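There are 2 protein chains.
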Amino acid sequence: MKTISRKDEIVKVAATLFRKRGYSAITMRDIASEMDIKAASLYNHISGKQEILADIILEVAQEFTTGMNQVISQQSSTLKKLENLIELHIDITLNHSEALASLNNDWMHLEGDNLNAFINMRDEYEDNFRELIKIGIEVNEIRSAHPEVILFSILSTLRTLHLWYEKRGKLDVNVLKKDMVSVLLKGIM
Amino acid sequence: MKTISRKDEIVKVAATLFRKRGYSAITMRDIASEMDIKAASLYNHISGKQEILADIILEVAQEFTTGMNQVISQQSSTLKKLENLIELHIDITLNHSEALASLNNDWMHLEGDNLNAFINMRDEYEDNFRELIKIGIEVNEIRSAHPEVILFSILSTLRTLHLWYEKRGKLDVNVLKKDMVSVLLKGIM
DNA sequence: GTCTATAGGATGATAGAC
DNA sequence: GTCTATCATCCTATAGAC
């Protein structure tokens, strides 16, 4: 029974616009115009432009944090956990493809507590990912070579998935997961 | 005998600011302030903000185009060519790390002919990369699997190299090249 | 090559009517 | 929940003095 509030609608429209031209280039008038109302009317539902950005970014960041915590608490091999992380990124990309552009490119325009919350979640996520790879090397599930380069390579690919998904059109989720796991993990085993 | 003109100085300062907060968020006053002059003085050297952005992005895009043309005209194996492309990205990243942020995130703010020129170069670059991978699969130098996913994975990593390089601090060029080639190509051979 | 002054318009946000 | 009207500020860019 999920009713879409007017605020949700604003955030969704804004995310689509932010993806194309970025937070700073989009005006409150742009967002309002896309909804066929006037800019002043937006303020009946949100406190300002900053709240929209925080809503877009922090919700997805929270999903990544929750997903990561689930994965690392599992009783399974490192490779299986990495596989689950790849699938986590794909699932979130399909469900929030507009928001990921803001998360990647506009997070620095968050202010105050919003900015701190985001940076903390992102750093923690990266640390967990790094630790996972290091453990994988220790237990010989991953070839002992360049852990930092492996981390960077996998994360770069996963973080820009939304660009590719947007461009290549809708692909079958399960095929996509299988292919990504194959290409990203075959080289490091 | 390369003298740095006042214009070059403006472009360089702007690129550093654009990297941190994006083209749209940076004002002419910000750029001028960073140079300890007034915004109006900038217009004695450049025609406007747009020219600065075009200067930053198109110079690097041209370097990628030139580099790609050299690589594909070589008489060597596909894997050797891919290796050279990885080294090309690393060399350009080290020489123009500030410009790469604008190239990745602010190219859509180019206007008119500048925008067309950029899109043409980028598409051609991608097509060449794609063709190289397909040929590699045909001649059995690359494992016949998911050419599109391989292309995306390698390109994503190379295109975000500047983020990593900025964060990890200065690394030895040759070590970096060796590690990147190893991690990016081991999985597809 | 830089300055002051300013044009001309856009921007985020508020007040108050309906 | 949306509107009109408006404020105070900021923006790119130009004109003309030094």
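These protein sequence lines are chains S and E, in that order. The working numbering numbers the first residue of the first sequence as 448 and each following residue consecutively. The working numbering numbers the first residue of the second sequence as 448 and each following residue consecutively. In this text, a Cβ means the ideal position worked out from N, Cα and C, and glycines have one as well. Quick caveat: nothing in here was measured; it's all calculated off a predicted structure.
Checklist entry - CB-CB under 7 Å to TRP554 of chain E, same chain, minus the five flanking residues each way: which ones, in chain order? => result ILE504 and PHE565
Checklist entry - LEU632 of chain S and GLU588 of chain S: beta carbons closer than 7 Å? => result no
Item to check | Whether GLY514 of chain E touches GLY634 of chain S by CB criterion (7 Å) | outcome: no
Next on the checklist: Rounded to the nearest angstrom, what separates ILE584 of chain S and GLY495 of chain S at their Cα positions?
Outcome noted: 47 Å
Next on the checklist: Buried or exposed, going by whether 16 or more other CB atoms sit within 10 Å of the CB of VAL518 of chain S?
Outcome noted: buried
Item to check | Other residues of its chain near VAL552 of chain E: CB distance less than 7 Å, five sequence neighbours each side excluded | outcome: Correcting the residue identity first, residue 552 of chain E is Asn in this sequence and not Val. Excluding residues within five positions, the ones whose Cβ falls inside 7 Å are GLY469.
Checklist entry - Looking at the unbroken alpha helix (DSSP H) that takes in SER488 of chain E, where does it start and where does it end? => result 486-489
Item to check | ILE537 of chain S versus SER488 of chain E: straight-line alpha-carbon distance, rounded | outcome: 49 Å
Next on the checklist: Once DSSP output is grouped into helix, strand and coil, what is the label at MET627 of chain E?
Outcome noted: helix
Checklist entry - Does ASP626 of chain E have its Cβ less than 7 Å from a Cβ in chain S? => result yes
Item to check | Inter-residue CB distance, GLU545 of chain S and ARG466 of chain S (contact presumed, cutoff 8 Å) | outcome: 5 Å
Checklist entry - Which chain E residues are close to MET555 of chain S, counting only those with a beta carbon under 9 Å from its beta carbon? => result LYS467, ARG468, GLY469 and ALA472
Checklist entry - In angstroms, rounded to a whole number, what distance separates the CA positions of GLN405 of chain E and LEU602 of chain E? => result Summary: the structure shown does not reach residue 405 of chain E, with chain E confined to residues 448 through 636, and so no result is reported for it.
Checklist entry - For the alpha helix (DSSP H) that contains LYS467 of chain E, what are its first and last residues? => result 453-468
Checklist entry - What separation, rounded to the nearest whole angstrom, lies between the Cα atoms of LYS595 of chain S and VAL507 of chain S? => result The sequence as given places Glu at residue 595 of chain S; Lys does not occur at that position. If I take the Cα positions, the gap works out to 25 Å.
Item to check | Buried/exposed call for GLU558 of chain E, threshold 16 Cβ in 10 Å | outcome: exposed
Next on the checklist: Which of the three DSSP states is assigned to MET475 of chain S in this structure?
Outcome noted: helix
Next on the checklist: When you compare the CB positions of ALA501 of chain E and ASN567 of chain E, do they come within less than 7 Å of one another, or not?
Outcome noted: no
Checklist entry - Cβ of ASN587 of chain E less than 7 Å from any chain S Cβ? => result no
Next on the checklist: Please list the terminal residues of the continuous alpha helix (DSSP H) segment that includes ALA531 of chain E.
Outcome noted: One point to set straight first is that residue 531 of chain E is Asn, not Ala, in the sequence displayed. 525-542 is the span of the alpha helix (DSSP H), which, as asked, contains ASN531 of chain E.
Item to check | Contact set for TYR572 of chain E: own chain, Cβ-Cβ below 7 Å, skip 5 residues either direction | outcome: PHE511, THR512 and MET515
Checklist entry - Is SER600 of chain E near VAL622 of chain S, with beta carbons less than 7 Å apart? => result no
Next on the checklist: If I measure Cβ to Cβ from LEU535 of chain E and keep anything under 8 Å in the same chain, skipping five residues before and after, which residues do I get?
Outcome noted: PHE511, GLY514, MET515 and VAL518
Next on the checklist: Below 9 Å on C-beta distance, what does GLU595 of chain E contact in chain S?
Outcome noted: TRP611, ARG615 and ASP626
Checklist entry - Is MET482 of chain E closer than 7 Å to VAL460 of chain E when the C-beta atoms are compared? => result yes
Checklist entry - Any idea if SER528 of chain E is buried or exposed, counting beta-carbon neighbours within 10 angstroms, 16 or more meaning buried? => result The question names Ser, but residue 528 of chain E is Lys in the sequence shown. Its Cβ being crowded by 16 or more others within 10 Å, LYS528 of chain E is buried.
Item to check | Span separating the alpha-carbon of ASN542 of chain E from that of ILE478 of chain E | outcome: 21 Å
Next on the checklist: Taking CB distances under 7 Å as the criterion, tell me whether PHE511 of chain E reaches chain S.
Outcome noted: no
Checklist entry - According to the neighbour-count rule (16 or more other Cβ atoms, all chains shown, within 10 Å of its Cβ), is ASP619 of chain E buried or exposed? => result exposed
Checklist entry - Are the C-beta of PHE576 of chain S and some C-beta of chain E separated by less than 7 Å? => result no
Checklist entry - If ALA472 of chain E and HIS556 of chain S are in contact, beta carbons under 8 Å, what's the gap, nearest whole angstrom? => result 7 Å
Checklist entry - What residues from chain S crowd round ALA592 of chain E, counting only those whose CB sits closer than 7 Å? => result SER629
Next on the checklist: Any beta carbon from chain S within less than 7 Å of PHE565 of chain E's own beta carbon?
Outcome noted: no
Checklist entry - Between ASN516 of chain S and chain E, is there a C-beta pair that is closer than 7 Å? => result no
Checklist entry - For HIS609 of chain E, which option in E:ASP626, E:LEU550 and E:GLU578 has the closest C-alpha, if you only look at C-alpha atoms? => result E:LEU550
Checklist entry - Assuming ILE533 of chain E contacts MET627 of chain E under a Cβ cut-off of 8 Å, what Cβ separation, rounded to an integer in Å, is found between them? => result 5 Å
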